[in-house]
Amino acid sequence: MAYVETRDGTELYVKEWGEGRPVILIHGWPLSADSWDDQSLALAEAGFRAIAYDRRGFGRSEQPAHGYDYDTLADDLADVMEAMDAEDGAAIVGFSMGGGEVARYMTRHEGAGVEQAALIAAVTPFLLQTGDNPDGAPASVFEEIKAGIKADRSGFFKGFMRDFYGVGALGAAVGSHEGLVEWSVQLAMQGGLLPTLACVDSWSSTDFRPDMGAFEVPTLVMHGTADATVPIALAARKAAAMIASSELIEIDGGPHGLLATHKDEVSAALIRFLRA
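Numbering-wise (the working numbering), the sequence shown opens with residue 252 and increments by one.
Structure representation (structure tokens):
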């Protein structure tokens, strides 16, 4: 099956590798399911059924003018699980923005069919600075991101992806991830401009703190200590403290783009967790 039709008629591209217990992989902004390829292959070789899909508006999926709020995105996840017959004993794994779909699914769909969950470099529980979240990022930061995209989308993403992968960061091998930067810019440019901007509003301003208590299954929380895109102190450490059944793994020196820069470490930790 290459495409799944959601309840509002949007066509989502889905890729499936391997056989066994289903593991649904939700990608980060502004990428596509292809960003999960290293983990998908490792999962398939380890005896799992890896299911990754392009979020609406990105990759090969349709680009409607609506539906980029997390309630709708969580419904999309539920529709993919149903269409792929992956509602029994599943694990749902979200990277970056994708962690929001995982969190909202746990409340909106009461974690139906989910046996394990994982949040990798995720935006949960809340990124925006507010009166009761003083450590968050000011709204102006996210407005600057949108302005940069509108002004020069490809140029913005080239700089964004360098930070994403820690290119040029202290201790990083300069130039070691330039190929990743170029590839990721190509993935980002596949997304529609409207969806790309709308999702900035979603992942930056959605408060997932009320969703954290709905994680009643074993949950892996993994994050890089050198993440300059979604700082670990603002995200993973807080999320792990709020999820009773969580296991926190901190990858020393890891940037935001862990799925690529630390692919073997991430895959090994994920497989170990899924087998536990």
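For each residue, glycine too, the CB sits at the ideal point set by N, CA and C.
Notebook entry, point to check: What is the DSSP secondary structure of serine 518, counted as helix, strand or coil?
Noted result: Helix, per DSSP.
Margin query: Here's the rule I'm using: 16 or more other beta-carbon atoms within 10 Å means buried, otherwise exposed. How should glycine 260 be labelled?
Written below: By the neighbour-count criterion, in which a residue is buried when 16 or more other Cβ atoms sit within 10 angstroms of its Cβ, glycine 260 is exposed.
Note to self: I'd like the list of long-range same chain contacts for leucine 421, defined as Cβ closer than 7 Å, with 5 residues on each side in sequence excluded.
What the structure shows: Residue placement at leucine 421 is poorly supported in this model, since its pLDDT is 49, which falls under 50; the coordinates still yield a value, given next. Excluding positions up to five away in sequence, the list is empty.
Check: In the structure shown, what three-state DSSP assignment does isoleucine 396 receive?
Finding: helix
Next item on the list: Tell me, please, whether the segment 377-385 touches the segment 453-460 by the rule of three or more beta-carbon pairs shorter than 8 Å.
Entry: yes
Check: Is alanine 511 closer than 8 Å to leucine 431 when the C-beta atoms are compared?
Finding: yes
Note to self: By alpha-carbon positions, which one of Pro281, Asp305, Arg300 and Gly271 ends up nearest to glutamate 256?
What the structure shows: Asp305
Next item on the list: Confirm, please, whether the CB-CB distance from proline 506 to glycine 475 is below 8 Å.
Entry: Their beta carbons are under 8 Å apart, which means glycine 475 touches proline 506 by this criterion.
Note to self: Strictly by DSSP, which residues pair up with lysine 266?
What the structure shows: Ala303
Item checked: Nearest-angstrom Cα separation, counted from leucine 324 out to glutamate 352 -> 6 Å
Check: Could you give the C-beta distance for tryptophan 454 and methionine 348, rounded to a whole number, given that I count them as a contact under 8 Å?
Finding: 4 Å
Item checked: Distance, alanine 301 Cα to glutamate 270 Cα -> 8 Å
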